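Residue numbers (this note's numbering): 125 to 867.
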């Protein structure tokens with residue numbers, strides 16, 4: 125059924141059999157807004173039709189008003205679905221009906237129908253539509269308000285989130301600052317802890333060093349006591365042993381020729397000391413008593429040796445001391461100790477290396493650094509017993525008060541390369557045929573190449589009375605050639621109030637002959653500044669016939685000593701020392717004694733015992749036998765020497781060691797490659813002789829005592845390196861001075 129028929133049926137007023145639709149079921153989502161307007165005339169002059177502007181969203185259209193339709197006949201029920209009766213008269217033109225049909229076909233009708241009138245209640249529908257439209261507008265307004273509220277809330281949320289981000293950023297910054305502060309605090313605490321630990325370790329090391337020194341001194345005393353006991357035994361047993369030998373000869377004679385039984389019996393009783401008709405042998409009785417005393421003393425010495433040389437579990441005991449007259453003579457105590465250390469020690473260790481450097485002084489450390497750079501990845505061992513390295517050229521400055529004693533030494537560990545092995549032990553002997561070094565504590569170091577830098581030892585004990593005077597803090601005897609006594613030199617210089625100041629130098633060749641002159645000139649300069657020159661007489665006594673080995677510098681030093689009124693005595697060697705004076709011996713054996721109020725002693729020096737105990741390595745006077753140009757050993761090409769212990773004729777100074785270490789390192793590399801050494805040592809040595817606190821002579825020379833100066837000017841100076849006396853410009857104690865002695 126078409127939409128037009130449905131409209132005709134409804135306009136006819138007939139009742140339909142279909143159920144009347146409920147207004148609530150009508151779709152009003154897109155309901156237009158109907159507003160009644162005044163009727164307008166038709167274009168064709170027909171009946172007027174009211175048109176209504178229908179608003180649908182944003183569009184509007186005009187539809188014909190159908191309430192003008194009336195009928196005169198009564199409405200009949202048209203439930204059967206028939207057509208309207210002819211008496212029903214519909215108003216409106218075909219064009220208007222066509223527009224209405226098109227509008228109705230486009231959307232569902234919202235016009236309600238009533239049973240009372242055949243027309244459509246436009247006002248009611250319009251009112252309903254307007255209500256629905258108002259509800260829609262209200263809903264839109266609410267939606268817009270909700271949108272605004274949501275937008276406002278979103279903005280508030282974003283603002284809050286931004287503030288939270290700012291707070292987090294500030295919190296992070298504060299936490300970072302607090303973290304940096306905590307890190308700095310922790311770093312400072314760590315540095316303080318390290319310093320405290322370093323001080324504690326240094327104190328412990330010093331304590332252990334003192335204890336070790338005491339142990340060594342006690343051991344030396346024990347060995348000295350054993351030697352004295354041995355000498356005493358030789359003296360005491362000489363007579364009894366001679367008597368025993370005579371008795372033995374008499375017994376042999378008795379067995380060779382028959383004698384009366386009574387005579388034989390008496391002689392046997394007399395020889396054995398048994399009771400008999402005659403008196404017993406008194407000498408044999410005394411010998412037995414003395415032997416018991418000697419055994420007790422030897423047992424006490426053995427206990428001391430076990431105490432200082434390790435417990436019983438580590439080192440075997442000495443053999444039991446029993447008196448066996450028929451046994452062969454036992455070796456002396458020193459040989460027994462050496463045997464226990466080297467052969468019978470169950471804790472003997474062995475080391476194998478490419479290069480072993482014996483000595484950790486200036487030469488040993490310099491060679492270690494050079495070889496560590498040139499032989500990367502190779503095994504290098506430095507054999508050095510001391511934990512402290514002393515810079516010996518600074519001892520004169522300590523004695524003159526220019527430098528403190530603490531600046532003269534550093535721990536050995538800090539001066540060696542990290543990839544070098546430091547073996548803390550003494551070298552006792554060498555076996556160059558087997559490439560082995562024996563240490564004091566029984567270790568063995570097997571090497572392929574060896575560098576000896578053992579230096580020289582100070583023989584203070586060779587001068588009677590010198591050690592006692594040096595160890596006496598009240599004595600005015602001092603020496604700057606040892607770390608143990610250089611501080612005492614400065615105390616003696618400051619405490620000198622006038623009198624005879626005596627400075628000595630031995631006849632034997634030693635290290636740095638200029639050091640004795642240096643401390644003499646610096647002491648003289650200090651005393652002049654203290655206004656003591658009128659009450660002071662200075663004498664320099666040397667065992668040589670010249671002041672310095674190089675003629676140019678010796679002449680300059682002679683002029684300086686003359687200008688300073690210093691008396692020089694040559695060819696005199698210190699022989700003995702006591703409180704009243706120092707005794708010197710001349711070349712012809714005459715003795716001369718000098719009184720003194722201040723005495724600085726340069727001790728005699730000699731190579732260490734480890735060299736002198738290896739005759740296959742040394743030349744005359746115990747120095748290492750090397751070629752003076754290549755510094756390679758003359759008999760063993762895998763051995764080199766550097767420093768004061770070699771038999772070269774250069775000046776034995778630290779400057780010479782610096783040049784020698786370069787030569788040894790380069791030549792040793794050539795030897796490792798199977799090639800002959802090519803770098804030559806020309807004998808360079810340098811000795812800065814300070815003639816005052818602000819002046820000095822830089823003495824540089826090579827072999828044959830030839831000067832070899834570095835700078836383009838005369839290193840002696842126009843005035844021979846002398847100062848101008850006390851109080852001159854630049855002198856210590858004056859405002860212009862850069863160098864001041866410590867007060």
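No residue lacks a Cβ here, since even glycine has one placed at the ideal position from N, Cα and C. In this text the structure is predicted, and so the values were computed from the model without any measurement.
Taking C-alpha positions only, residue 541 is separated from residue 534 by approximately 14 Å. Fewer than three pairs of CB atoms, one per stretch, sit closer than 8 Å, so the segment 744-760 makes no contact with the segment 587-605. Annotated as proximal: residue 536 and residue 546, with beta-carbon spacing under 8 Å. Taken atom to atom, the span from the alpha-carbon of residue 498 to that of residue 808 is near 23 Å.
Within the DSSP secondary-structure output, residue 504 pairs in a beta bridge with 479. For residue 764, the enclosing beta strand (DSSP E) covers residues 763-765. Spatial neighbours of residue 349 in its own chain (CB-CB distance under 8 Å, excluding positions within 5 residues in sequence) are listed in chain order as 425.
Distance from the Cα of residue 325 is smallest, within the candidate group 511, 620 and 678, for 511. Assignment of residue 622 by DSSP, reduced to helix, strand and coil, places it in the coil class. Selection 701, 626 and 633 evaluated against residue 648 yields 626 as nearest (Cα-Cα).
Closest in C-alpha terms to residue 763, from the list 311, 618 and 574, comes 574. Taken in chain order, the whole alpha helix (DSSP H) runs of length 4 or more contained in the segment 536-606 are 590-595.
Looking at the DSSP output, residue 534 shares a beta bridge with 513.
When secondary structure is reduced to three states using DSSP, residue 717 falls in the strand class.
Between residue 726 and residue 629, the C-beta gap is smaller than 8 Å, which places the two residues in contact. Sixteen is the threshold: when 16 or more other Cβ atoms of the shown chains lie within 10 Å of the Cβ of residue 824, as they do, the residue is buried. Between residue 695 and residue 667, the gap from beta carbon to beta carbon is short of 8 Å. Residue environment for residue 835: exposed (fewer than 16 other C-beta atoms within 10 angstroms of its C-beta). By the 16-neighbour rule on beta-carbons within 10 angstroms, residue 662 is buried.
Scanning 622, 683 and 599 for the CA closest to the CA of residue 656 turns up 622. The beta-carbon distance between residue 684 and residue 815, rounded to whole angstroms, is 5 Å. This is short enough to meet the 8 Å contact definition. Rounded to whole angstroms, the gap between the alpha carbons of residue 340 and residue 587 is 21 Å. When the alpha-carbon of residue 488 is set against those of 514, 476, 473 and 500, the nearest one is in 514. When the alpha-carbon of residue 671 is set against those of 660, 620 and 640, the nearest one is in 640. The DSSP-derived three-state label of residue 682 is helix. Of the other Cβ atoms in all chains shown, fewer than 16 fall within 10 Å of the Cβ of residue 300; this residue is therefore exposed. Residue 617 carries a helical assignment under DSSP once its states are collapsed to helix, strand and coil. Relative to residue 518, the option among 819, 777 and 245 whose CA is nearest is 777.
For residue 699, the enclosing beta strand (DSSP E) has its first and last residue at 697-701. Taking a cut-off of 8 Å on C-beta distances, the segment 576-595 touches the segment 473-484, as three or more cross pairs fall below it.
Using a Cβ-Cβ distance cut-off of 8 Å, the segment 728-744 and the segment 550-568 are in contact, since at least three pairs of beta carbons, one from each stretch, lie closer than that value. The beta carbon of residue 632 sits closer than 7 Å to the beta carbons of 728 and 729 from its chain, once the five residues preceding and following it are set aside; these are given in chain order. Here residue 675 carries a helix assignment [DSSP, helix/strand/coil]. Bridge pairing for residue 814: 820 [DSSP].
Judged by DSSP in its simplified three-state form, residue 654 adopts coil rather than helix or strand.
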